[in-house]
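Here the protein sequences come in this chain order: A and B. When we follow the numbering used here, the leftmost residue of the first sequence carries the number 231, and every step to the right adds one. When we follow the numbering used here, the leftmost residue of the second sequence carries the number 11, and every step to the right adds one. Taking it in order: structure first as structure tokens, then the write-up.
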Amino acid sequence: MHLVLMTSSAPLMPVTGDSRRAVAIAWKRYAPSLKCVARRMTEDRDERRDLLQEAMVALWKADPTRYDFDDVEDVDYLYRILVNRMLDVWDRFPKRVTDMEELHLAARIEGRRVRQ
Amino acid sequence: MIRLSVRYLIATATALVGLGTTPQDVVVASPVGAEQVGPLTVPGEPAARVHAPTPAYLASCRSWDVDLIHHCGYWSQLQLETAQSAWPLPAVRDAEELGAVGAEVGVIDELPLVGDLFLQYNPRARKFVHAGIVTDVLRHGRYSPTSPYVDVATIEGDTNAHGGRRGGSVQRMERRLSHVSGDRFLRWAALMEYNERLALAGAPRWSA
Chain A
231 MHLVLMTSSA PLMPVTGDSR RAVAIAWKRY APSLKCVARR MTEDRDERRD LLQEAMVALW
291 KADPTRYDFD DVEDVDYLYR ILVNRMLDVW DRFPKRVTDM EELHLAARIE GRRVRQ
Chain B
11 MIRLSVRYLI ATATALVGLG TTPQDVVVAS PVGAEQVGPL TVPGEPAARV HAPTPAYLAS
71 CRSWDVDLIH HCGYWSQLQL ETAQSAWPLP AVRDAEELGA VGAEVGVIDE LPLVGDLFLQ
131 YNPRARKFVH AGIVTDVLRH GRYSPTSPYV DVATIEGDTN AHGGRRGGSV QRMERRLSHV
191 SGDRFLRWAA LMEYNERLAL AGAPRWSA
């Protein structure tokens, strides 16, 4: 059936793709929530930038094309990868008094927003 | 029996690059499996009641990436005189099944060669979720000493310009894969010898 569809009168489509473009598309989806989480983690602008940069590198390495963005579990899984990477980096920052439970709660709340 | 040819497979797949389905085509693929081409209308209802594909409906449609591989494989290795194809792989339902077939006959590799079939792994689902044909091995690299990757040029079905799944078209892609992430390569051309051995033994071989 699919081959019949493929040879139907569908318009010609772009022929050269690059899976790395998917990073930019996925980043648009995750960035607002990750920025909120970063703001909860630190008030320092440079540190926030570092956190987001590391999340983007993690997204690049994870390769969003592996995941189905119509699948909530996939969206959630990738979000957790990014937040965990941010937490790893945050752990290396000079320690301040921060409520870890509140941080995790904020990450979970933002995660719900990503799934929508 | 004709000998398997990687070049024929790539040439056949290349001829299909750029073709694809439109969203309307996707609508006509019935979720209950009825195969029909044409606008999907409800009998007795006005034609205006054509349904737009919902995300849930699209999720229920099977991806046709492995169908493209089988189509290209079967026709590229067909010998017209005998009307027999030397394509050694069976028609399978998805990339995971393709990987299982490859593992069963021992032709799965961690690094690609031109003509291999790539199998992209999803760590969350813990299975292969997408497959295509490797047309070129561009470069090997490393994110870190323990994170190697390989950039390959591919031709793959049911994707889009940024490598998304169920993209609805045949694309020539540049893709980064890594065996550390679970990706594998199916060296189907190595099955030539396997098929010849089976033929000598009189056993039926895998084919469409």
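Glycine residues also receive a C-beta, built at the ideal position from the N, C-alpha and C atoms.
If you ignore the 5 residues before and after F299 of chain A, its C-beta comes within less than 8 Å of the C-beta of A256, R259 and V305, all in its own chain and listed in chain order. Closest option to R176 of chain B, judged by alpha-carbon separation, among B:T22, B:V160 and B:G30: B:G30. In the displayed model, G28 of chain B falls within coil according to three-state DSSP, outside both helix and strand. Nearest to D161 of chain B by alpha-carbon distance, out of B:R134, B:W198 and B:L123, is B:L123.
The beta-carbon of E284 of chain A is placed no less than 9 Å from the nearest beta-carbon of chain B.
Burial is judged here by how many other beta carbons sit within 10 angstroms of a residue's own beta carbon; N170 of chain B has at least 16 and is buried. Judged by DSSP secondary structure, Q130 of chain B falls within the beta strand (DSSP E) whose first and last residues are L127 to N132. Going by beta carbons, E332 of chain A and R270 of chain A fall inside the 9 Å limit. About 10 Å separates the beta carbon of E277 of chain A from that of M316 of chain A, a gap too long to meet the 8 Å contact definition. Residue contact with chain B for D248 of chain A: present (Cβ-Cβ distance below 9 Å to some residue of chain B).
By alpha-carbon distance to L99 of chain B, the top candidate from B:W85, B:S154, B:A93 and B:H140 is B:W85. By the CB criterion at 9 Å, R296 of chain A and H140 of chain B fall inside the cutoff.
Two segments are said to touch when three or more pairs of C-beta atoms, one from each, lie closer than 8 Å; by this definition the region 190-204 of chain B touches the region 104-119 of chain B. DSSP places P262 of chain A in no beta strand (DSSP E) but in the uninterrupted alpha helix (DSSP H) bounded by R251 to M271.
DSSP, read as helix, strand or coil, puts H80 of chain B in helix. Residues of the same chain with a CB within less than 8 Å of the CB of E184 of chain B, apart from the 5 flanking positions on each side, are L148, D161, V162, A163 and T164 in chain order. Listed along chain A is no residue with a C-beta nearer than 9 Å to that of V160 of chain B; the closest approach is about 12 Å. Contact between L281 of chain A and A268 of chain A holds: CB atoms are separated by about 5 Å, below the 8 Å threshold. CA-CA distance, V302 of chain A to R338 of chain A, rounds to 14 Å. Taking a 10 Å sphere around the C-beta of P294 of chain A, we find 16 or more other C-beta atoms and assign the residue as buried. Secondary structure of A93 of chain B (DSSP, three-state): coil. Residue pairing by DSSP puts T169 of chain B in a beta bridge opposite B:R175 and B:S179. Excluding residues up to 5 positions away in sequence, V139 lie with their Cβ nearer than 7 Å to the Cβ of N132 of chain B in the same chain. If you look at G247 of chain A, you'll find it in the beta strand (DSSP E) that goes T246 to D248. At a cut-off of 9 Å between C-beta atoms, D304 of chain A counts as an interface residue with respect to chain B.
At least one C-beta of chain A is nearer than 9 Å to the C-beta of T169 of chain B. Bounds of the alpha helix (DSSP H) holding L281 of chain A are R275 to A292. Neighbours of K265 of chain A in chain B, taken as residues at a C-beta separation under 9 Å, are lacking, since the least C-beta distance is about 23 Å. For A141 of chain B, the enclosing beta strand (DSSP E) has its first and last residue at K137 to S154.
Residues of chain B with a Cβ closer than 7 Å to the Cβ of R343 of chain A do not exist, since the nearest Cβ in that chain sits about 18 Å away.
In the displayed model, S191 of chain B falls within coil according to three-state DSSP, outside both helix and strand. In the DSSP annotation of this structure, the continuous segment of the alpha helix (DSSP H) that includes W320 of chain A starts and ends at V302 to R322.
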